[in-house]
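Please read the structure below before turning to the comments.
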Amino acid sequence: MEIERKRIREREKEKEKEREVDRRERSSSRSRRHESDREIERERERDRRERSSSRSRRHESDRELERERERDRRERSSSRLRRHESERDQEREREIDIRDSRRFKDKKDAVEPEADPERDQRTVFAYQMPLKATERDVYEFFSKAGKVRDVRLIMDRNSRRSKGVGYIEFYDVMSVPMAIALSGQLLLGQPVMVKPSEAEKNLVQSNTSGAGAGGVAGPYGAVDRKLYVGNLHFNMTEMQLRQIFEPFGPVELVQLPLDLETGQCKGFGFVQFAQLEHAKAAQSALNGKLEIVGRTIKVSSVTDHVVTQDTTAKSADFDDDEGGGLALNAQSRALLMQKLDRSGIATITSSLGVPLVNGSAPNQQATLPVNGQGAYPAPVLQPIMSTTALEPIGQPSECLLLKNMFDPTTETEPDFDLDIKEDVEEECSKYGRVKHIYVDKNSGGCVYLRFESTEAAGKAQRAMHMRWFAGRSISALFMQPHEYEARFKG
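All letters in the sequence shown, in the order written, are residues 1 to 490 by the UniProt record's numbering.
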């Protein structure tokens, strides 16, 4: 009996153990199911997030496309407005040109023609002019040389279009050399060539052959007594030019054409003596022999200068080797006469064998022999033409300021500064790497540059100073780094 009860208890214990194992297995199974459900839920959550992110990306892409389309619409609208504005400006300019041309022609026709024996001497012949240039354009261009009396453009008899040549008559015969000096300057973006009229050249030729040994040059002797002086420093004045030539004899007239924008000398001038022999003596003594502030001046008679220019222009030899040719680079050499003045001589010494300083040798008065005859004292300039005249360019550094590069009042494009920046950077990169450049579009034409080295900035300054850019005379000045950094800090 007792044994039976033990067996029963044993069986119950076994059953209890089995039930416990079952409970544990069911609990573990429920845990696994719950974990699987949670994993499935996490998967679903990740899917929902990815779908939401994808929708956000699509929406952002759609918004970006819409913004691009809106920018395109604005640019097209702005471009159309600019084109319409440009067309209106061109139409207004054409109307103004037509009105001015009519008024100018009416005024010109109202002048009673007169018989004038000196008319040919006051007239120059211009060629290679733009075909679209009107008489008003030519009139304004040559007004820089003097008061213009008449302009006659040569027209094609069939089309009645300009042939690009014409005659310009001045009121004063003294304006003719200055008009010839305009040769090579730009008219409507094209270099114009100028020479005396054929009638005046014949008069000059007969005048030269008829000149006597005593310096009497007939009725047109003033032409022979007048000298062309080139390669002058831009700070030269008429008084200083007179001081240079007066030791050779009485000077009747000194002309020094000035740039209308900078107010400085254009680099050439004219001196007229009372006697022909004095003019010849000055030419023989000074031509290529006198250095003024690092520039060896060139002296020739106006007659020789005109003939040389005419021959050079006809030769069509536009090489720039050794400064001997005629280079018509519109941006780098807008003044033709300055190109003709470049002699390529690195060092010029006086007859004493020592370098000239403002026309005199150190510690002694220099003399200039003339054709083996007597010696003339070399002219001594006042201190204002010493090296202090160059001080405004500043102390050399890697920073440059270019002035008078543009006129903001005449610019029509809103991004004109980007075009100027690209042009200046391309040009100045020839002299060294440009680290920074800024075009101040709200200034009077200022462009700031910083080079990698002072040497590169110096080369650019020498090349750009007093150079012509888009019809404007540039000033290239050094800036100190601390001034440059203070301007562009941050």
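Quick reminder that beta carbons are idealized off the backbone N, C-alpha and C, glycines included.
If you're wondering where the values come from, they're calculated on a predicted model, not measured in any experiment.
Asked	Found
Under the three-state DSSP convention, the category His-482 falls into	helix
Validate contact between the segment 230-240 and the segment 416-435 using beta carbons, cut 8 Å, 3 pairs	no
Close Cβ partners of Ala-282 (< 6 Å) along its chain, the five nearest in sequence each way excluded	Phe-245 and Phe-248
Cα-Cα separation, Asp-120 to Leu-81	51 Å
Range of the contiguous alpha helix (DSSP H) that encloses Cys-428	416-428
Beta-carbon spacing of Ser-443, Pro-408 below 9 Å	yes
Under the three-state DSSP convention, the category Tyr-448 falls into	strand
Nearest candidate by alpha-carbon position, reference Cys-399, set Glu-427, Ile-40, Gly-267 and Glu-483	Glu-483
Simplified DSSP state of Gln-255, which is helix, strand or coil	strand
Cutoff 8 Å; reference Glu-85; Cβ partners in own chain excluding five residues on either side	Thr-412
Residue(s) in a DSSP beta bridge with Gln-190	Leu-187
Separation of Asp-137 from Glu-93, as counted between CA atoms	12 Å
Bridge partners - Met-155, DSSP secondary structure assignment	Ser-162
Boundaries of the alpha helix (DSSP H) in which Tyr-431 is found, first to last residue	Where Tyr-431 is concerned, there is no enclosing alpha helix (DSSP H), given that its DSSP letter is neither H nor E.
C-beta atoms of Gln-480 and Gln-395 nearer than 9 Å	yes
Val-293 versus Val-447, Gln-240, Ile-168 and Leu-477, residue with shortest Cα-Cα distance	Gln-240
Best match in Gly-189, Gln-90, His-278 and Glu-87 for proximity to Met-129 [C-alpha to C-alpha]	Gly-189
Terminal residues of the beta strand (DSSP E) in which Phe-268 lies	268-273
Asp-440 versus Ala-457, Leu-418, Ala-456 and Val-21, residue with shortest Cα-Cα distance	Leu-418
Burial state of Arg-7 (16 or more Cβ within 10 Å)	exposed
Reference Phe-488; option with closest CA among Val-124, Arg-76 and Tyr-448	Tyr-448
Exposure label - Leu-276; buried when at least 16 CB within 10 Å	buried
Three-way DSSP call (helix, strand, coil) for Arg-225 in this model	coil
Residues near Glu-114 by beta carbon distance below 6 Å, same chain, minus five either side	A caution first: Glu-114 carries a pLDDT of 49, below 50, which makes its placement in the model unreliable, though a value can still be read off. Around Glu-114: no qualifying Cβ.
Leu-182 in three-state terms, based on DSSP	coil
Boundaries of the alpha helix (DSSP H) in which residue 573 is found, first to last residue	This structure does not reach residue 573, given that the chain is present from 1 up to 490, and the question cannot be answered.
8 Å Cβ shell around Phe-478 - same chain, five flanking residues per side excluded	Ile-393, Gly-394, Gln-395, Pro-396, Ser-397, Cys-399, Leu-400, Leu-401, Ala-457 and Gln-461
Range of the contiguous alpha helix (DSSP H) that encloses Ser-300	Premise fails: Ser-300 lies in the beta strand (DSSP E), 298-301, not in any alpha helix (DSSP H).
CA nearest to the CA of Ser-162, picked from Leu-153, Phe-170, Arg-48 and Gly-269	Leu-153
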